[in-house]
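Going from the sequence shown to the working numbering is simple: count from 1 and add 160.
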Amino acid sequence: MSPVMTTARKPNAEQVAEAKEIADRHGLQFLPRGNRSLDSLIIEYGSVLVFSYRGLSCYTNKGELFFHPNMAAVRIRMLRKGGKDKLLNICGLAPGDSFLDCTAGLCSDSLVAKYQVGERGRVLALEQSLPIYLVMAHGLQNARPPRFQELAKGIELVCRDFRDILPQLPPSSFDVVYFDPMFAVPVMEASSLIPLRPLAQDQPLTPEDIHLAARVAKKKVVLKERVFYDFSQLGLTRAGGDGRKTAYGVLSLKEDEVED
Ligand SMILES: C[S@@+](CC[C@H](N)C(=O)[O-])C[C@H]1O[C@@H](n2cnc3c(N)ncnc32)[C@H](O)[C@@H]1O
């Protein structure tokens, strides 16, 4: 079911106009909010996009999905202080590289990748779910503080299924192709993903997906999965020492060093 678009109660004219404009652009129904409670809208429509002074959020019975770059901000702060980031090390990303994020989600990994590849580098992030895409696209365009805004605006976020896009991309056109799909067994502590889950595409990855990605990647295909995941079923090698909850699988397309 498509989400319905509305505003907060007592919106100003600008908020109504912007909510209508987003709804029109994406073929969504715009519903004047009036005095209706969010709960009743969720019961009727399943998911409700709300445009307000706080930005664009999507509500379901699992809560509010909104853009919050906190996780990325913590990782970037660590990197600025000279720390290391596990994903960056496993991907071997360098300034000027290109990174294709096939599963954008909250865009935390894309933001960290963009920080690393810098202005000369490219991050293209694909998100199949329209409500997730809309919330994140609006968040990236309106991110704060200004230093973070530049980074966020540097990410090219597109609402498409990676299974449609990968076959259209030229061979070896991205240094790294990355997947972080919805886990079949969720990490319970990953609370930021709870409101994302009911809106997310959760089809598992197949060997054909890795094959499509390997054509497009110059250096590596990287997959994040649960620590007990059997990466060999997709022809990937477990890389870089495991965390407690998650691990990475890699297909290296050229000799490259993996730091840990
Ligand atoms: C676990 S989240 C990714 C989190 C992300 N790495 C981050 O840092 O926030 C997975 C996301 O991938 C999206 N997704 C799953 N399959 C997809 C597909 N075939 N094409 C594009 N997006 C997909 C889901 O809708 C979900 O938003």
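From the three backbone atoms N, C-alpha and C, an ideal C-beta is built for every residue, glycine too. Source: prediction; values computed, not measured.
* **N-terminal and C-terminal residue of the beta strand (DSSP E) that residue 212 is part of** => 208-212
* To do: Return the CA-CA distance between residue 204 and residue 213, expressed in angstroms with no decimal places.
  => 24 angstroms
* To do: Report the rounded CA-to-CA distance for residue 420 versus residue 246, giving the unit in angstroms.
  => Only weak support exists for where residue 420 lies, its pLDDT of 48 falling under 50; the coordinates are left without a value.
* Asked: Does the Cβ of residue 229 have 16 or more other Cβ atoms within 10 Å, making it buried, or fewer, making it exposed?
  -> buried
* Determine the closest residue to residue 432 out of 356, 412, 344, with distance taken between C-alpha atoms. => Residue numbering for the chain in the displayed model covers 161 to 420; residue 432 lies beyond these limits and cannot be assessed.
* Asked: Along the chain, which unbroken stretches of the beta strand (DSSP E) at least 3 residues long are found entirely within the segment 230-308?
  -> 258-261, 282-286
* What residue range is occupied by the uninterrupted beta strand (DSSP E) comprising residue 317? -> 315-318 is the span of the beta strand (DSSP E), which, as asked, contains residue 317.
* Proximity winner among 367, 397, 211, relative to residue 172 (alpha-carbon distances) -> Ranking 367, 397, 211 by Cα distance to residue 172 puts 211 first.
* To do: For residue 237, I'd like the list of residues in its chain whose CB is within less than 8 angstroms of its CB, leaving aside the five on either flank, ordered along the chain.
  => none
* Label residue 363 either buried or exposed according to how many other C-beta atoms from any shown protein chain fall within 10 Å of its C-beta, with 16 as the threshold for buried. => exposed
* **First and last residue of the uninterrupted beta strand (DSSP E) at residue 398** => 397-399
* Using the beta-carbon count (16 or more within 10 Å), is residue 328 buried or exposed? -> exposed
* Since residue 380 sits in a beta bridge, which residues does DSSP pair it with? -> 336, 412
* Expressed to the nearest angstrom, what Euclidean distance is found between the alpha-carbon atoms of residue 319 and residue 263? -> 10 angstroms
* Can you grab the Cα-Cα spacing for the pair residue 396 / residue 326, in whole Å? => 18 angstroms
* Could you check which residue in 181, 189, 259 has the C-alpha nearest to that of residue 377? => 259
* Asked: In whole angstroms, what separates the C-alpha of residue 353 from that of residue 287?
  -> 14 angstroms
* Asked: Is it true that the CB of residue 317 sits closer than 9 angstroms to the CB of residue 300?
  -> yes
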